[in-house]
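Our numbering applies: residue 115 is where the sequence shown begins, and numbers increase by one.
Quick reminder that beta carbons are idealized off the backbone N, C-alpha and C, glycines included.
From a predicted model like this one, the values you see are computed outputs, not experimental measurements.
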Amino acid sequence: MKIKRMISKYRRALLIALAYYVLLLGLVVYLTSSETYRERGPYLTPLIPSNDQYVEVTLILSVFAPISALIGGLVGGYLLAPAFLFVHKKILGSKLFYGIQERPQPQTFKKIMRGYYPALLAVNINTIILFSAPWILDLILNREFAESGGSVYSTIYVPGFLVLLMFTVGLGTLVFSPTWFLTDAGVVYSNEERVAGTDQPVEGRTVGGRFTDFLRGYAGIGVVFSYLQFLSVYISEQVIPPNPIDVIIFLVIFLGLPIFLLIGVIPSLILLDMTKAHRIRFVRNFAEKMGITDFVKFSLEKIDR
Numbered sequence: 115m116k117i118k119r120m121i122s123k124y125r126r127a128l129l130i131a132l133a134y135y136v137l138l139l140g141l142v143v144y145l146t147s148s149e150t151y152r153e154r155g156p157y158l159t160p161l162i163p164s165n166d167q168y169v170e171v172t173l174i175l176s177v178f179a180p181i182s183a184l185i186g187g188l189v190g191g192y193l194l195a196p197a198f199l200f201v202h203k204k205i206l207g208s209k210l211f212y213g214i215q216e217r218p219q220p221q222t223f224k225k226i227m228r229g230y231y232p233a234l235l236a237v238n239i240n241t242i243i244l245f246s247a248p249w250i251l252d253l254i255l256n257r258e259f260a261e262s263g264g265s266v267y268s269t270i271y272v273p274g275f276l277v278l279l280m281f282t283v284g285l286g287t288l289v290f291s292p293t294w295f296l297t298d299a300g301v302v303y304s305n306e307e308r309v310a311g312t313d314q315p316v317e318g319r320t321v322g323g324r325f326t327d328f329l330r331g332y333a334g335i336g337v338v339f340s341y342l343q344f345l346s347v348y349i350s351e352q353v354i355p356p357n358p359i360d361v362i363i364f365l366v367i368f369l370g371l372p373i374f375l376l377i378g379v380i381p382s383l384i385l386l387d388m389t390k391a392h393r394i395r396f397v398r399n400f401a402e403k404m405g406i407t408d409f410v411k412f413s414l415e416k417i418d419r
């Protein structure tokens with residue numbers, strides 16, 4: 115019965131992930147068997163046990179990125195959620211009231227979009243590494259591939275970007291997961307005491323939500339600069355003015371990358387969700403040590419004027 119409920123809860127997310135993996139598998143089968151792509155050249159990176167660059171890319175997007183996201187989510191949540199709460203209460207939380215809000219547990223999994231902003235952050239981190247520390251590419255790329263001819267964009271930046279995803283997806287999740295831990299645990303605060311005697315409105319929100327807003331803003335703005343930087347490199351390397359169709363294809367693939375990553379890490383988000391009960395206990399135990407023990411309820415009431 116428990117397994118049946120679990121399948122029912124995650125059915126939609128699992129079907130989306132399954133369709134994604136089938137699409138990737140079909141694409142790599144086509145590429146590795148097509149006459150057009152029979153000469154595939156050297157492998158991409160020595161970090162993956164494969165001598166086929168298409169298989170390597172598929173493994174990055176379907177296996178290594180999700181594993182990285184899961185590890186980042188667990189490590190970041192258990193290590194940084196207490197730190198985030200400590201900073202909020204001891205440094206930012208002067209004259210704030212803290213409590214625990216209990217919410218009913220949903221019967222369906224509706225947190226797929228949690229992976230979107232970590233994916234944006236991963237793209238941003240990748241770009242920073244590629245253009246500020248290019249020596250890292252010597253460590254992760256097959257030298258023969260990097261010297262196989264073609265533009266720097268096609269033999270260095272794009273391959274390096276894809277290989278780095280194995281690590282930076284985990285970093286992106288590591289940064290965001292503490293906010294998920296705090297939000298799931300229902301740690302909330304109100305500024306009612308702080309604004310007493312002023313004309314400022316009373317607010318009540320989750321501790322995790324405050325950090326989430328800041329991190330989303332950074333990831334969203336940062337990824338815009340990442341796209342512009344990659345686009346400028348792509349256009350500057352064209353011997354002749356780039357074909358508009360090629361530019362559009364580039365933009366569709368590159369702009370869609372966060373969505374591909376989001377779908378690819380769905381299994382990791384499901385596994386994280388399955389640890390929710392333990393994560394809630396962990397955060398609430400730490401909150402209790404900080405004096406956050408009261409269960410509270412926020413309400414918005416209409417008054418007559």
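> Do the region 283-292 and the region 220-240 touch if we need at least three Cβ pairs shorter than 8 Å?
Replying inline: yes
>> Given this structure, state the Cα-to-Cα distance separating Ala197 from Pro156, to the nearest angstrom.
In response: Here the question's residue 197 lines up with position 83 in the sequence shown. Here the question's residue 156 lines up with position 42 in the sequence shown. Approximately 45 Å between the Cα atoms of the pair.
>> Taking the straight line between their C-alpha atoms, what separation do you get for Leu173 and Tyr332?
In response: Stepping through the sequence shown from its first residue, residue 173 is reached at position 59. Stepping through the sequence shown from its first residue, residue 332 is reached at position 218. Going by the C-alpha atoms only, they are around 29 Å apart.
> Is the number of C-beta pairs between the region 294-311 and the region 183-200 that are closer than 8 Å three or more?
Replying inline: yes
> How should Ser413 be labelled, buried or exposed, when 16 other C-beta atoms within 10 angstroms of its C-beta is the threshold for buried?
Replying inline: By one-based count along the sequence shown, residue 413 stands at place 299. Exposed, because fewer than 16 other Cβ atoms sit within 10 Å of the Cβ of Ser413.
> Using a Cβ-Cβ cut-off of 8 Å (strictly less than) and excluding sequence neighbours within five positions of Arg228, which residues of its own chain qualify?
Replying inline: Your numbering for residue 228 matches position 114 in the sequence shown. Phe290, Trp294, Leu383.
> Quick one: Cα of Ile205 to Cα of Gly311, how far?
Replying inline: Counted from its first residue, the sequence shown places residue 205 at position 91. Counted from its first residue, the sequence shown places residue 311 at position 197. Computed Cα separation, rounded: 22 Å.
> Does the distance from the CB of Gly190 to the CB of Asp408 come in under 9 Å?
Replying inline: On the sequence shown, position 76 is the one that residue 190 refers to. On the sequence shown, position 294 is the one that residue 408 refers to. The answer is no: Cβ separation not under 9 Å.
>> Can you find the residues in the same chain that come closer than 7 Å, C-beta to C-beta, to Pro180, ignoring five residues on each side of it along the sequence?
In response: Residue mapping note: residue 180 aligns to position 66 of the sequence shown, counting from 1. Here the set comprises Gly378, Val379, Pro381, Ser382.
>> Assuming Gln167 is part of the alpha helix (DSSP H), what are its boundary residues?
In response: The count along the sequence shown starts at 1 and reaches residue 167 at position 53. Here the alpha helix (DSSP H) through Gln167 covers 167-173.
> Does the separation of the CB atoms of Tyr341 and Phe223 fall below 9 Å?
Replying inline: Numbered from 1 along the sequence shown, position 227 holds the residue referred to as residue 341. Numbered from 1 along the sequence shown, position 109 holds the residue referred to as residue 223. The answer is no: Cβ separation not under 9 Å.
> What's the C-alpha gap between Tyr271 and Leu244?
Replying inline: Residue numbering aside, residue 271 sits at position 157 when the sequence shown is read from its first letter. Residue numbering aside, residue 244 sits at position 130 when the sequence shown is read from its first letter. When rounded, the distance between both Cα atoms is 7 Å.
> Between Gly334 and the rest of its own chain, which residues show a CB-CB distance below 8 Å, the 5 nearest in sequence each way excluded?
Replying inline: On the sequence shown, residue 334 is found 220 positions in, with the first residue counted as 1. The residues are Tyr231, Leu234.
>> Bridge partners for Tyr135 per DSSP, in chain order?
In response: Position 21 of the sequence shown, counting from 1, holds the residue named residue 135. Paired residue(s): none; Tyr135 is not in a bridge.
> Since Gly336 contacts Asn238 with CB under 8 Å, what's their CB separation in whole angstroms?
Replying inline: Counted from its first residue, the sequence shown places residue 336 at position 222. Counted from its first residue, the sequence shown places residue 238 at position 124. Indeed they touch by this definition, with Cβ atoms about 4 Å apart.
> Gly186 lies in the alpha helix (DSSP H); which residues open and close that run?
Replying inline: Start at 1 with the first residue of the sequence shown, and residue 186 comes out as number 72. Looking at the DSSP string, the run of the alpha helix (DSSP H) that includes Gly186 is 179-201.
>> Taking its Cβ as the centre, do 16 or more other Cβ atoms sit within 10 Å of Ala391, making it buried, or is it exposed?
In response: Within the sequence shown, residue 391 is the residue found at index 277, counting from 1. By the neighbour-count rule (16 or more Cβ atoms within 10 Å), Ala391 is not buried but exposed.
> Using DSSP with H/G/I as helix, E/B as strand and the rest coil, what is Arg308?
Replying inline: Mapped onto the sequence shown, residue 308 falls at position 194. Correct three-state label for Arg308: coil.
> If you run the structure through DSSP and keep just helix, strand and coil, what is Met115?
Replying inline: Against the sequence shown, residue 115 aligns to sequence position 1. Residue placement at Met115 is flagged as unreliable, the pLDDT there being 49, under the threshold of 50; the coordinate-derived value follows with that caveat. Three-state result, Met115: coil.
>> So within the region 213-291, which uninterrupted alpha helix (DSSP H) runs reach at least 4 residues, ignoring any that extend past its ends?
In response: 230-246, 249-254, 257-260
>> So, for Leu369: in the same chain, excluding its five sequence neighbours on each side, which residues have a beta-carbon less than 8 Å away from its beta-carbon?
In response: The count along the sequence shown starts at 1 and reaches residue 369 at position 255. Excluding positions up to five away in sequence, the list reads Tyr341.
>> Which residue wins for smallest C-alpha separation from Tyr144, given the options Tyr168, Val302, Tyr134, Arg324?
In response: Numbered from its first residue, the sequence shown carries residue 144 at position 30. Comparing Cα-Cα distances from Tyr144 to each of Tyr168, Val302, Tyr134, Arg324, the minimum goes to Tyr168.
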